[in-house]
Amino acid sequence: MSPGEGAGPRRGCPPGCQCSREQALCRGGAGLPRGLHPRLAALSLVRWQLDVLAEGSFRDTPALQLLLVTAGRLGTIGDGAFAGLVLLEHLFIEDNEVGAIAPSALRGLRGLLYLSLANNGLETLPRDLFKGLETLTHLDLRGNPWRCDCRLRWLVAWLATAAATADAGTCRGPPPRNGTHLAQLQPRDFACLAHELRPFQSLPFASLAAEPFVLGGHPGVALAQPFAGACALLEWDQLAGRFRAPTIINGTSPVACHPLQLGGTLVVVVAQLGGSSAVWRRAGGPGGRFVRLQALGAGRLRRPHAVTSARLGGHWFLGVADSSKGGTSTLFRWGGRGFYPHQALRPWHRDTHLEFLELGGRPALVVCSGARRPSVYRWSGTAQVFAPHTDIPHVPDVYAAKHFRLRGHVFLCLSRFLGDAKVMRWEGSMFREVQQVPARGSLVFQPLTLAGQRYVVLGNDYAPSRVYRLGPGGHLEFAQELMAPTPRAFAPLSLGHRHFLVASSFKGATQIYRHVTVDLGA
0 MSPGEGAGPR RGCPPGCQCS REQALCRGGA GLPRGLHPRL AALSLVRWQL
50 DVLAEGSFRD TPALQLLLVT AGRLGTIGDG AFAGLVLLEH LFIEDNEVGA
100 IAPSALRGLR GLLYLSLANN GLETLPRDLF KGLETLTHLD LRGNPWRCDC
150 RLRWLVAWLA TAAATADAGT CRGPPPRNGT HLAQLQPRDF ACLAHELRPF
200 QSLPFASLAA EPFVLGGHPG VALAQPFAGA CALLEWDQLA GRFRAPTIIN
250 GTSPVACHPL QLGGTLVVVV AQLGGSSAVW RRAGGPGGRF VRLQALGAGR
300 LRRPHAVTSA RLGGHWFLGV ADSSKGGTST LFRWGGRGFY PHQALRPWHR
350 DTHLEFLELG GRPALVVCSG ARRPSVYRWS GTAQVFAPHT DIPHVPDVYA
400 AKHFRLRGHV FLCLSRFLGD AKVMRWEGSM FREVQQVPAR GSLVFQPLTL
450 AGQRYVVLGN DYAPSRVYRL GPGGHLEFAQ ELMAPTPRAF APLSLGHRHF
500 LVASSFKGAT QIYRHVTVDL GA
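For the sequence shown, numbering that gives the first Met the number 0 gives the first residue as 0, with consecutive numbering after it.
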(Lines of atoms letter the chains of each structure in order from A and count residues from 1; the text may use other names and numbers.)
(Lines give C-alpha, C1' and ligand atoms only; values in the text may rest on other atoms or scores of the structure.)
Protein backbone atom coordinates (compact mmCIF):
# COMPACT_ATOMS: atom_id res chain seq x y z
CA MET A 1 0.00 0.00 0.00
CA SER A 2 1.34 3.42 -0.94
CA PRO A 3 1.53 6.08 1.77
CA GLY A 4 -1.61 7.94 0.61
CA GLU A 5 -3.95 4.94 0.07
CA GLY A 6 -6.77 4.41 2.54
CA ALA A 7 -6.30 7.85 4.07
CA GLY A 8 -9.23 10.33 4.40
CA PRO A 9 -9.48 13.52 2.36
CA ARG A 10 -6.54 15.78 2.80
CA ARG A 11 -7.01 18.90 4.92
CA GLY A 12 -8.96 21.72 3.17
CA CYS A 13 -10.62 19.48 0.55
CA PRO A 14 -13.98 17.86 1.47
CA PRO A 15 -15.26 14.59 -0.08
CA GLY A 16 -16.39 14.99 -3.69
CA CYS A 17 -14.05 17.91 -4.31
CA GLN A 18 -10.80 18.31 -6.19
CA CYS A 19 -8.70 21.04 -4.67
CA SER A 20 -5.61 23.02 -5.40
CA ARG A 21 -4.15 25.75 -3.30
CA GLU A 22 -6.59 28.41 -4.62
CA GLN A 23 -9.38 26.46 -6.34
CA ALA A 24 -11.89 23.76 -5.52
CA LEU A 25 -14.10 21.85 -7.98
CA CYS A 26 -16.88 19.87 -6.26
CA ARG A 27 -19.13 17.46 -8.18
CA GLY A 28 -22.21 15.42 -7.34
CA GLY A 29 -22.33 15.95 -3.59
CA ALA A 30 -24.94 17.41 -1.28
CA GLY A 31 -25.05 20.16 1.30
CA LEU A 32 -22.55 22.95 1.60
CA PRO A 33 -19.01 21.52 1.54
CA ARG A 34 -17.20 22.07 4.84
CA GLY A 35 -13.53 22.27 5.65
CA LEU A 36 -12.48 24.27 2.60
CA HIS A 37 -9.36 26.36 2.95
CA PRO A 38 -10.28 29.86 4.19
CA ARG A 39 -7.97 31.39 1.55
CA LEU A 40 -9.73 29.64 -1.34
CA ALA A 41 -10.14 32.03 -4.30
CA ALA A 42 -12.44 30.01 -6.60
CA LEU A 43 -15.19 27.49 -5.78
CA SER A 44 -17.26 25.53 -8.31
CA LEU A 45 -20.26 23.41 -7.24
CA VAL A 46 -21.39 21.24 -10.17
CA ARG A 47 -24.49 19.02 -9.88
CA TRP A 48 -24.23 19.70 -6.20
CA GLN A 49 -27.49 19.11 -4.35
CA LEU A 50 -28.46 22.32 -2.58
CA ASP A 51 -32.04 23.47 -2.03
CA VAL A 52 -31.37 26.78 -0.29
CA LEU A 53 -28.49 29.19 0.12
CA ALA A 54 -29.16 30.66 3.54
CA GLU A 55 -27.56 33.70 5.16
CA GLY A 56 -23.79 33.42 5.48
CA SER A 57 -23.52 30.21 3.44
CA PHE A 58 -19.93 31.01 2.46
CA ARG A 59 -18.73 32.75 5.58
CA ASP A 60 -15.94 30.18 6.01
CA THR A 61 -14.39 31.11 2.64
CA PRO A 62 -14.14 34.91 2.79
CA ALA A 63 -11.36 35.13 0.17
CA LEU A 64 -13.52 33.86 -2.71
CA GLN A 65 -13.22 35.83 -5.92
CA LEU A 66 -15.21 33.42 -8.10
CA LEU A 67 -18.21 31.29 -7.16
CA LEU A 68 -20.00 28.93 -9.54
CA VAL A 69 -23.12 26.96 -8.63
CA THR A 70 -24.43 25.12 -11.69
CA ALA A 71 -26.46 22.14 -12.93
CA GLY A 72 -28.05 21.50 -9.54
CA ARG A 73 -31.40 21.77 -7.78
CA LEU A 74 -30.88 25.07 -6.01
CA GLY A 75 -34.29 26.71 -5.63
CA THR A 76 -33.97 29.62 -3.20
CA ILE A 77 -31.35 32.25 -2.45
CA GLY A 78 -31.97 33.83 0.94
CA ASP A 79 -31.12 37.22 2.40
CA GLY A 80 -27.39 37.67 2.97
CA ALA A 81 -26.54 34.37 1.26
CA PHE A 82 -23.17 35.78 0.17
CA ALA A 83 -22.45 37.83 3.28
CA GLY A 84 -18.74 38.23 3.97
CA LEU A 85 -17.62 37.76 0.35
CA VAL A 86 -16.29 41.28 -0.04
CA LEU A 87 -13.66 40.13 -2.55
CA LEU A 88 -16.07 38.26 -4.84
CA GLU A 89 -15.84 39.46 -8.46
CA HIS A 90 -17.58 36.71 -10.46
CA LEU A 91 -20.82 35.01 -9.36
CA PHE A 92 -22.46 32.36 -11.54
CA ILE A 93 -25.75 30.81 -10.38
CA GLU A 94 -26.65 29.04 -13.62
CA ASP A 95 -28.71 26.08 -14.88
CA ASN A 96 -30.42 25.49 -11.53
CA GLU A 97 -34.05 25.68 -10.42
CA VAL A 98 -33.87 29.06 -8.69
CA GLY A 99 -37.37 30.49 -8.45
CA ALA A 100 -36.99 32.89 -5.53
CA ILE A 101 -34.32 35.39 -4.55
CA ALA A 102 -34.63 37.39 -1.34
CA PRO A 103 -34.47 41.21 -1.59
CA SER A 104 -31.11 41.40 0.23
CA ALA A 105 -29.55 38.26 -1.22
CA LEU A 106 -26.71 40.20 -2.89
CA ARG A 107 -26.04 42.51 0.02
CA GLY A 108 -22.38 43.27 0.61
CA LEU A 109 -21.00 42.24 -2.81
CA ARG A 110 -19.45 45.65 -3.34
CA GLY A 111 -16.64 44.36 -5.60
CA LEU A 112 -18.80 42.21 -7.92
CA LEU A 113 -18.01 42.58 -11.62
CA TYR A 114 -19.92 39.75 -13.32
CA LEU A 115 -23.24 38.24 -12.26
CA SER A 116 -25.08 35.43 -14.03
CA LEU A 117 -28.51 34.11 -13.02
CA ALA A 118 -29.03 32.47 -16.40
CA ASN A 119 -31.21 29.44 -17.09
CA ASN A 120 -33.16 29.23 -13.85
CA GLY A 121 -36.87 29.37 -13.01
CA LEU A 122 -37.09 33.08 -12.21
CA GLU A 123 -40.35 34.81 -13.16
CA THR A 124 -39.59 38.04 -11.31
CA LEU A 125 -36.97 39.71 -9.13
CA PRO A 126 -37.38 41.74 -5.94
CA ARG A 127 -37.21 45.48 -6.41
CA ASP A 128 -33.72 47.02 -6.12
CA LEU A 129 -32.02 43.60 -6.00
CA PHE A 130 -28.94 45.10 -7.66
CA LYS A 131 -28.75 48.15 -5.42
CA GLY A 132 -25.19 48.66 -4.15
CA LEU A 133 -23.53 46.70 -6.97
CA GLU A 134 -21.68 49.81 -8.11
CA THR A 135 -18.81 47.92 -9.77
CA LEU A 136 -20.96 45.53 -11.84
CA THR A 137 -19.96 45.46 -15.51
CA HIS A 138 -22.08 42.59 -16.89
CA LEU A 139 -25.36 40.89 -15.98
CA ASP A 140 -26.73 37.71 -17.57
CA LEU A 141 -30.42 36.94 -17.01
CA ARG A 142 -31.11 34.82 -20.09
CA GLY A 143 -33.09 31.60 -20.04
CA ASN A 144 -35.58 32.52 -17.29
CA PRO A 145 -39.38 32.44 -17.75
CA TRP A 146 -39.80 36.16 -16.98
CA ARG A 147 -43.33 37.34 -16.29
CA CYS A 148 -43.15 40.89 -17.58
CA ASP A 149 -45.76 42.55 -15.39
CA CYS A 150 -45.62 45.41 -12.91
CA ARG A 151 -43.30 43.53 -10.59
CA LEU A 152 -40.57 43.77 -13.26
CA ARG A 153 -41.13 47.41 -14.17
CA TRP A 154 -38.28 48.40 -11.86
CA LEU A 155 -35.91 46.05 -13.70
CA VAL A 156 -36.84 47.52 -17.06
CA ALA A 157 -36.09 50.99 -15.67
CA TRP A 158 -32.80 49.79 -14.16
CA LEU A 159 -31.67 48.19 -17.42
CA ALA A 160 -32.19 51.49 -19.24
CA THR A 161 -29.91 53.43 -16.90
CA ALA A 162 -27.40 50.89 -15.55
CA ALA A 163 -23.72 51.22 -16.45
CA ALA A 164 -23.40 47.44 -16.76
CA THR A 165 -24.11 45.63 -20.00
CA ALA A 166 -26.91 43.08 -19.71
CA ASP A 167 -28.42 40.09 -21.48
CA ALA A 168 -31.87 40.25 -19.93
CA GLY A 169 -33.67 37.51 -21.83
CA THR A 170 -37.27 37.41 -23.06
CA CYS A 171 -40.76 37.46 -21.55
CA ARG A 172 -42.80 34.29 -21.10
CA GLY A 173 -45.93 36.20 -20.04
CA PRO A 174 -48.40 37.72 -19.75
CA PRO A 175 -49.62 36.67 -23.23
CA PRO A 176 -49.38 40.10 -24.92
CA ARG A 177 -45.64 40.16 -24.13
CA ASN A 178 -44.70 36.54 -24.86
CA GLY A 179 -41.35 36.49 -26.67
CA THR A 180 -40.65 40.20 -26.14
CA HIS A 181 -37.08 41.03 -25.13
CA LEU A 182 -36.90 42.83 -21.80
CA ALA A 183 -34.48 45.28 -23.38
CA GLN A 184 -37.25 46.36 -25.79
CA LEU A 185 -39.63 47.33 -22.99
CA GLN A 186 -39.90 50.74 -21.33
CA PRO A 187 -41.37 51.67 -17.94
CA ARG A 188 -44.27 53.47 -19.61
CA ASP A 189 -45.35 50.16 -21.18
CA PHE A 190 -46.61 49.02 -17.77
CA ALA A 191 -49.97 50.14 -16.36
CA CYS A 192 -49.24 49.63 -12.68
CA LEU A 193 -51.64 51.92 -10.84
CA ALA A 194 -54.32 49.88 -9.07
CA HIS A 195 -57.15 50.97 -6.82
CA GLU A 196 -58.53 49.27 -3.75
CA LEU A 197 -60.76 49.85 -0.74
CA ARG A 198 -59.15 49.63 2.68
CA PRO A 199 -60.88 49.66 6.09
CA PHE A 200 -60.89 53.18 7.52
CA GLN A 201 -63.48 53.41 10.30
CA SER A 202 -66.08 51.24 11.99
CA LEU A 203 -69.17 52.95 13.41
CA PRO A 204 -70.73 51.33 16.48
CA PHE A 205 -74.26 51.04 15.15
CA ALA A 206 -76.31 49.14 12.59
CA SER A 207 -77.92 50.88 9.64
CA LEU A 208 -80.15 50.02 6.72
CA ALA A 209 -80.19 52.64 3.96
CA ALA A 210 -77.24 54.93 3.16
CA GLU A 211 -77.58 57.90 0.80
CA PRO A 212 -75.11 60.73 0.09
CA PHE A 213 -75.95 64.42 0.32
CA VAL A 214 -74.18 67.80 0.09
CA LEU A 215 -74.97 70.77 2.29
CA GLY A 216 -73.10 74.06 1.96
CA GLY A 217 -70.38 72.33 -0.03
CA HIS A 218 -69.89 69.74 2.71
CA PRO A 219 -70.69 66.13 1.73
CA GLY A 220 -72.26 63.60 4.05
CA VAL A 221 -74.29 60.40 4.18
CA ALA A 222 -77.78 59.92 5.63
CA LEU A 223 -78.09 56.59 7.46
CA ALA A 224 -81.39 54.96 8.41
CA GLN A 225 -81.18 53.26 11.82
CA PRO A 226 -84.38 51.24 12.31
CA PHE A 227 -83.29 49.67 15.60
CA ALA A 228 -82.23 53.00 17.10
CA GLY A 229 -85.30 54.74 15.70
CA ALA A 230 -83.36 57.55 14.03
CA CYS A 231 -81.81 59.00 10.90
CA ALA A 232 -78.14 59.82 11.43
CA LEU A 233 -76.42 62.38 9.20
CA LEU A 234 -72.81 61.31 8.89
CA GLU A 235 -70.32 64.15 8.39
CA TRP A 236 -66.54 64.60 8.37
CA ASP A 237 -64.89 65.90 11.55
CA GLN A 238 -61.93 67.94 10.32
CA LEU A 239 -60.19 68.11 13.71
CA ALA A 240 -60.54 64.43 14.53
CA GLY A 241 -59.91 63.25 10.99
CA ARG A 242 -62.84 60.86 11.33
CA PHE A 243 -66.54 60.65 10.53
CA ARG A 244 -69.19 61.35 13.13
CA ALA A 245 -72.96 61.77 13.23
CA PRO A 246 -73.68 65.08 15.00
CA THR A 247 -77.21 65.38 13.60
CA ILE A 248 -79.99 62.96 14.45
CA ILE A 249 -83.59 62.97 13.26
CA ASN A 250 -85.56 60.94 15.76
CA GLY A 251 -88.28 58.62 14.53
CA THR A 252 -89.74 55.20 15.26
CA SER A 253 -88.40 52.62 12.80
CA PRO A 254 -87.01 54.39 9.69
CA VAL A 255 -86.16 52.14 6.74
CA ALA A 256 -85.00 54.98 4.48
CA CYS A 257 -83.66 58.49 5.05
CA HIS A 258 -83.65 60.11 1.63
CA PRO A 259 -81.84 63.49 1.43
CA LEU A 260 -82.89 65.99 -1.22
CA GLN A 261 -81.87 69.57 -2.06
CA LEU A 262 -84.93 71.73 -2.68
CA GLY A 263 -84.26 75.41 -3.37
CA GLY A 264 -81.07 75.44 -1.35
CA THR A 265 -82.67 73.69 1.60
CA LEU A 266 -81.75 70.18 2.68
CA VAL A 267 -84.84 68.02 3.02
CA VAL A 268 -84.82 64.48 4.40
CA VAL A 269 -87.67 62.11 3.63
CA VAL A 270 -87.96 59.67 6.53
CA ALA A 271 -89.87 56.55 5.48
CA GLN A 272 -90.99 54.58 8.51
CA LEU A 273 -92.91 51.46 9.28
CA GLY A 274 -96.28 51.90 10.91
CA GLY A 275 -97.61 54.75 8.76
CA SER A 276 -95.64 57.62 10.31
CA SER A 277 -93.44 58.64 7.38
CA ALA A 278 -92.58 62.33 7.26
CA VAL A 279 -90.56 65.02 5.51
CA TRP A 280 -88.07 67.05 7.53
CA ARG A 281 -86.13 70.18 6.55
CA ARG A 282 -83.00 71.72 7.97
CA ALA A 283 -83.63 75.16 9.44
CA GLY A 284 -80.74 77.51 8.66
CA GLY A 285 -77.38 76.46 7.25
CA PRO A 286 -74.93 73.77 8.37
CA GLY A 287 -75.43 72.97 12.00
CA GLY A 288 -79.06 74.01 12.00
CA ARG A 289 -81.62 71.67 13.52
CA PHE A 290 -84.18 69.69 11.54
CA VAL A 291 -87.88 70.53 11.85
CA ARG A 292 -90.80 68.42 10.70
CA LEU A 293 -92.26 69.82 7.48
CA GLN A 294 -95.13 67.42 6.80
CA ALA A 295 -96.51 63.93 7.20
CA LEU A 296 -96.08 61.88 4.04
CA GLY A 297 -98.78 59.78 2.42
CA ALA A 298 -101.08 59.46 5.40
CA GLY A 299 -103.05 56.27 4.92
CA ARG A 300 -101.20 55.40 1.71
CA LEU A 301 -97.85 54.07 2.88
CA ARG A 302 -98.36 50.97 5.02
CA ARG A 303 -94.91 49.45 4.74
CA PRO A 304 -92.51 51.71 2.82
CA HIS A 305 -89.45 49.86 1.63
CA ALA A 306 -87.43 52.25 -0.52
CA VAL A 307 -87.44 55.94 -1.52
CA THR A 308 -86.06 57.61 -4.63
CA SER A 309 -86.48 60.96 -6.39
CA ALA A 310 -86.08 62.62 -9.79
CA ARG A 311 -86.72 65.93 -11.49
CA LEU A 312 -89.20 65.53 -14.34
CA GLY A 313 -90.55 68.34 -16.50
CA GLY A 314 -89.30 71.01 -14.10
CA HIS A 315 -90.87 69.38 -11.04
CA TRP A 316 -89.47 67.19 -8.28
CA PHE A 317 -91.06 63.78 -7.88
CA LEU A 318 -90.66 61.36 -5.01
CA GLY A 319 -91.22 57.62 -5.44
CA VAL A 320 -91.96 55.34 -2.49
CA ALA A 321 -92.11 51.55 -2.88
CA ASP A 322 -94.64 49.92 -0.55
CA SER A 323 -94.01 46.25 0.30
CA SER A 324 -97.16 45.56 2.31
CA LYS A 325 -99.60 42.97 1.01
CA GLY A 326 -102.31 45.50 0.23
CA GLY A 327 -100.07 48.53 -0.22
CA THR A 328 -99.63 50.71 -3.27
CA SER A 329 -96.37 52.26 -4.39
CA THR A 330 -96.89 55.98 -4.90
CA LEU A 331 -95.36 58.94 -6.70
CA PHE A 332 -95.49 62.28 -4.89
CA ARG A 333 -94.96 65.69 -6.48
CA TRP A 334 -93.35 68.66 -4.77
CA GLY A 335 -95.84 71.51 -4.51
CA GLY A 336 -93.69 74.22 -2.97
CA ARG A 337 -94.59 73.45 0.63
CA GLY A 338 -94.62 69.69 0.62
CA PHE A 339 -94.94 66.48 -1.36
CA TYR A 340 -98.44 65.56 -2.46
CA PRO A 341 -99.75 62.31 -4.02
CA HIS A 342 -99.49 62.43 -7.80
CA GLN A 343 -99.82 58.85 -9.12
CA ALA A 344 -100.60 55.49 -7.58
CA LEU A 345 -98.70 52.64 -9.19
CA ARG A 346 -99.75 48.99 -9.20
CA PRO A 347 -101.32 47.76 -5.94
CA TRP A 348 -101.01 44.41 -4.21
CA HIS A 349 -97.56 43.51 -5.49
CA ARG A 350 -95.32 44.07 -2.45
CA ASP A 351 -92.93 46.38 -4.25
CA THR A 352 -89.40 46.58 -2.87
CA HIS A 353 -87.64 49.16 -5.04
CA LEU A 354 -88.16 51.97 -7.56
CA GLU A 355 -85.49 53.29 -9.93
CA PHE A 356 -85.79 56.45 -12.01
CA LEU A 357 -83.73 56.48 -15.22
CA GLU A 358 -83.83 57.65 -18.83
CA LEU A 359 -84.47 55.33 -21.76
CA GLY A 360 -84.26 56.59 -25.33
CA GLY A 361 -84.34 60.20 -24.19
CA ARG A 362 -87.50 59.76 -22.12
CA PRO A 363 -87.85 59.41 -18.35
CA ALA A 364 -88.62 55.89 -17.20
CA LEU A 365 -89.25 54.01 -13.99
CA VAL A 366 -88.38 50.42 -13.03
CA VAL A 367 -90.51 48.87 -10.29
CA CYS A 368 -89.27 45.74 -8.51
CA SER A 369 -91.32 43.25 -6.53
CA GLY A 370 -91.03 39.84 -4.97
CA ALA A 371 -94.40 38.89 -6.48
CA ARG A 372 -93.75 39.40 -10.19
CA ARG A 373 -91.20 40.39 -12.82
CA PRO A 374 -89.85 43.96 -12.75
CA SER A 375 -92.00 46.43 -14.66
CA VAL A 376 -90.72 49.25 -16.87
CA TYR A 377 -92.82 52.44 -17.08
CA ARG A 378 -92.33 55.29 -19.57
CA TRP A 379 -93.15 58.91 -18.85
CA SER A 380 -96.01 60.56 -20.70
CA GLY A 381 -95.24 64.25 -21.01
CA THR A 382 -98.81 65.03 -22.00
CA ALA A 383 -100.53 63.21 -19.14
CA GLN A 384 -97.65 63.84 -16.71
CA VAL A 385 -97.78 60.24 -15.48
CA PHE A 386 -95.86 56.98 -15.95
CA ALA A 387 -97.53 54.41 -18.19
CA PRO A 388 -96.67 50.67 -18.27
CA HIS A 389 -94.31 49.85 -21.15
CA THR A 390 -92.83 46.35 -20.68
CA ASP A 391 -91.42 44.00 -18.11
CA ILE A 392 -88.01 42.35 -17.68
CA PRO A 393 -88.31 38.65 -18.62
CA HIS A 394 -86.88 35.61 -16.86
CA VAL A 395 -86.23 37.33 -13.49
CA PRO A 396 -89.37 36.93 -11.35
CA ASP A 397 -87.73 37.63 -7.96
CA VAL A 398 -85.84 40.91 -8.30
CA TYR A 399 -85.29 42.74 -5.03
CA ALA A 400 -83.79 45.95 -6.42
CA ALA A 401 -82.60 47.51 -9.68
CA LYS A 402 -79.80 50.07 -9.95
CA HIS A 403 -78.80 51.59 -13.28
CA PHE A 404 -75.65 53.04 -14.81
CA ARG A 405 -74.75 54.51 -18.19
CA LEU A 406 -71.72 53.51 -20.23
CA ARG A 407 -70.85 54.71 -23.74
CA GLY A 408 -74.40 55.74 -24.47
CA HIS A 409 -75.94 52.49 -23.24
CA VAL A 410 -78.15 52.02 -20.18
CA PHE A 411 -77.49 49.04 -17.91
CA LEU A 412 -79.41 47.64 -14.95
CA CYS A 413 -77.89 45.76 -12.01
CA LEU A 414 -80.53 43.42 -10.62
CA SER A 415 -80.20 41.91 -7.15
CA ARG A 416 -82.50 38.96 -6.47
CA PHE A 417 -83.99 37.20 -3.46
CA LEU A 418 -82.88 33.71 -4.48
CA GLY A 419 -81.21 33.67 -7.88
CA ASP A 420 -77.94 35.07 -9.17
CA ALA A 421 -77.53 38.78 -9.79
CA LYS A 422 -77.81 39.97 -13.37
CA VAL A 423 -76.55 42.84 -15.51
CA MET A 424 -79.05 43.86 -18.20
CA ARG A 425 -78.68 46.27 -21.14
CA TRP A 426 -81.43 48.33 -22.77
CA GLU A 427 -81.81 47.31 -26.42
CA GLY A 428 -84.29 49.94 -27.58
CA SER A 429 -87.52 48.30 -26.49
CA MET A 430 -86.53 45.92 -23.70
CA PHE A 431 -83.70 44.87 -21.38
CA ARG A 432 -81.50 41.89 -22.31
CA GLU A 433 -79.07 40.02 -20.07
CA VAL A 434 -75.34 40.59 -20.66
CA GLN A 435 -73.84 38.98 -17.53
CA GLN A 436 -74.81 36.76 -14.62
CA VAL A 437 -73.00 37.01 -11.27
CA PRO A 438 -73.23 34.35 -8.49
CA ALA A 439 -75.00 36.14 -5.66
CA ARG A 440 -76.90 33.88 -3.27
CA GLY A 441 -77.55 35.87 -0.10
CA SER A 442 -77.29 39.27 -1.74
CA LEU A 443 -79.74 42.14 -1.34
CA VAL A 444 -77.63 44.92 -2.86
CA PHE A 445 -75.94 45.10 -6.28
CA GLN A 446 -74.90 48.69 -6.66
CA PRO A 447 -72.99 50.63 -9.35
CA LEU A 448 -71.02 53.64 -8.14
CA THR A 449 -68.07 55.90 -8.94
CA LEU A 450 -65.07 56.59 -6.69
CA ALA A 451 -62.20 58.87 -7.69
CA GLY A 452 -63.25 58.58 -11.31
CA GLN A 453 -63.20 54.77 -11.18
CA ARG A 454 -66.38 52.84 -12.05
CA TYR A 455 -67.37 49.94 -9.81
CA VAL A 456 -70.26 47.64 -9.02
CA VAL A 457 -70.44 46.31 -5.45
CA LEU A 458 -72.26 43.07 -4.67
CA GLY A 459 -73.18 42.79 -0.99
CA ASN A 460 -73.67 39.41 0.65
CA ASP A 461 -75.12 38.28 3.98
CA TYR A 462 -73.26 34.95 4.15
CA ALA A 463 -69.92 35.60 2.41
CA PRO A 464 -67.60 38.54 1.80
CA SER A 465 -69.02 41.27 -0.41
CA ARG A 466 -67.38 41.53 -3.82
CA VAL A 467 -66.19 44.65 -5.63
CA TYR A 468 -66.13 44.56 -9.44
CA ARG A 469 -64.49 46.99 -11.83
CA LEU A 470 -66.67 48.12 -14.68
CA GLY A 471 -64.94 46.89 -17.80
CA PRO A 472 -65.52 47.53 -21.50
CA GLY A 473 -69.03 46.89 -22.71
CA GLY A 474 -70.41 46.88 -19.16
CA HIS A 475 -68.71 43.59 -18.26
CA LEU A 476 -67.82 43.22 -14.58
CA GLU A 477 -64.24 42.31 -13.63
CA PHE A 478 -63.58 41.11 -10.07
CA ALA A 479 -61.39 43.51 -8.06
CA GLN A 480 -61.51 42.60 -4.35
CA GLU A 481 -63.54 41.37 -1.41
CA LEU A 482 -64.95 43.43 1.46
CA MET A 483 -65.65 42.06 4.92
CA ALA A 484 -68.84 44.10 5.31
CA PRO A 485 -71.43 42.30 7.49
CA THR A 486 -75.03 42.08 6.17
CA PRO A 487 -74.74 45.15 3.89
CA ARG A 488 -77.87 46.85 2.59
CA ALA A 489 -76.44 49.89 0.82
CA PHE A 490 -73.14 51.44 -0.32
CA ALA A 491 -72.69 55.20 -0.51
CA PRO A 492 -69.63 56.90 -2.11
CA LEU A 493 -68.32 60.04 -0.45
CA SER A 494 -65.54 62.39 -1.64
CA LEU A 495 -63.66 64.97 0.44
CA GLY A 496 -61.24 66.76 -1.86
CA HIS A 497 -58.65 64.17 -2.85
CA ARG A 498 -59.91 61.66 -0.31
CA HIS A 499 -62.58 59.17 -1.32
CA PHE A 500 -64.61 56.87 0.92
CA LEU A 501 -67.27 54.19 0.69
CA VAL A 502 -69.85 53.87 3.46
CA ALA A 503 -71.34 50.38 3.84
CA SER A 504 -74.49 50.11 5.91
CA SER A 505 -74.93 46.95 7.98
CA PHE A 506 -78.28 45.54 9.02
CA LYS A 507 -76.92 43.39 11.86
CA GLY A 508 -73.39 44.66 12.50
CA ALA A 509 -71.28 47.80 12.62
CA THR A 510 -71.53 50.29 9.77
CA GLN A 511 -68.21 50.23 7.90
CA ILE A 512 -66.29 52.98 6.11
CA TYR A 513 -63.59 52.15 3.57
CA ARG A 514 -61.04 54.48 2.03
CA HIS A 515 -60.33 54.31 -1.69
CA VAL A 516 -56.57 54.29 -2.26
CA THR A 517 -54.29 54.13 -5.29
CA VAL A 518 -51.52 51.54 -5.18
CA ASP A 519 -48.49 51.42 -7.47
CA LEU A 520 -48.00 47.72 -8.15
CA GLY A 521 -44.59 48.44 -9.58
CA ALA A 522 -43.29 50.13 -6.44
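A virtual CB, placed ideally from N, CA and C, is assigned to each residue, including glycine.
- How is residue 69 classed by DSSP in three states: helix, strand or coil? strand
- Sufficient close CB pairs (3 or more, under 8 Å) joining the segment 316-330 to the segment 279-293: no
- Item | Buried versus exposed call for residue 159 [16 or more other C-beta atoms within 10 Å across all chains shown] | exposed
- Task: Taking the CB atoms as reference points, tell me whether residue 223 and residue 253 lie closer together than 7 Å.
- Result: yes
- How do the segment 72-81 and the segment 43-51 stand: do at least 3 beta-carbon pairs fall below 8 Å, yes or no? yes
- Taking the alpha-carbon positions, what's the residue 97 to residue 56 distance? Taking the straight line from one Cα to the other gives about 16 Å.
- Message: For a quick check, are the C-beta atoms of residue 58 and residue 83 less than 7 Å apart?
- Response: The Cβ atoms of residue 58 and residue 83 lie closer than 7 Å to each other.
- Item | Expected contact under 8 Å - CB spacing of residue 86 and residue 114 to nearest Å | Rounded, the Cβ-Cβ distance is 15 Å, inconsistent with contact.
- Query: Taking the alpha carbon of residue 506 as the point to measure from, which residue in 203, 270, 25 has its own alpha carbon closest?
  - Reply: The shortest Cα separation from residue 506 among 203, 270, 25 belongs to 203.
- Message: Restricting to Cα atoms, I'd like to know which of 171, 270, 313 is closest to residue 319.
- Response: 270
- Distance, residue 72 Cα to residue 43 Cα: 15 Å
- Query: Are the beta-carbon atoms of residue 149 and residue 189 separated by less than 7 Å?
  - Reply: yes
- Query: Going along the chain, which residues of its own chain have a beta-carbon closer than 8 Å to the beta-carbon of residue 433, five neighbours each way excluded?
  - Reply: 410, 422, 423, 424, 472, 473, 474
- In the structure shown, what three-state DSSP assignment does residue 165 receive? Residue 165 falls in the strand class under three-state DSSP.
- Message: Between the alpha carbons of residue 168 and residue 116, how many angstroms are there, rounded?
- Response: 11 Å
- residue 130 classed as buried or exposed, judged by whether at least 16 other C-beta atoms fall within 10 angstroms: When all chains shown are included, residue 130 counts as exposed.
- How long is the line joining the alpha carbons of residue 510 and residue 247, rounded to whole angstroms? Straight-line Cα distance between these residues: approximately 19 Å.
- Runs of beta strand (DSSP E) wholly within the segment 232-276 (minimum 3 residues, chain order): 241-249, 253-261, 264-271
- Within its chain, find whatever has a CB closer than 6 Å to the CB of residue 218; leave out the 5 residues flanking it on each side and keep chain order. 492
- Message: I'd like to check one pair, residue 305 with residue 352: are the Cβ atoms closer than 7 Å?
- Response: yes
- Item | Check whether residue 465 and residue 457 have beta carbons under 7 Å apart | yes
- Item | residue 36 to residue 118 span [Cα, whole Å] | 30 Å
- Item | Proximity to residue 267 [Cα-Cα], best of 273, 317, 193 | 317
- Query: Fully enclosed by the segment 325-360, which alpha helix (DSSP H) runs are 4 residues long or longer?
  - Reply: none
- Query: What residue does the alpha helix (DSSP H) around residue 315 start on, and which one ends it?
  - Reply: Residue 315 -> not in any alpha helix (DSSP H); beta strand (DSSP E) instead, spanning 314-321.
- Item | Under the three-state DSSP convention, the category residue 198 falls into | strand
- Query: Taking the alpha carbon of residue 208 as the point to measure from, which residue in 41, 363, 470, 255 has its own alpha carbon closest?
  - Reply: Sorting 41, 363, 470, 255 by C-alpha distance to the C-alpha of residue 208 places 255 at the top.
- Nearest-angstrom Cα distance between residue 418 and residue 515? 33 Å
- Query: By how many angstroms is the C-alpha of residue 17 removed from the C-alpha of residue 23?
  - Reply: 6 Å
- Query: Between the segment 192-201 and the segment 170-179, do at least 3 Cβ pairs fall closer than 8 Å?
  - Reply: no
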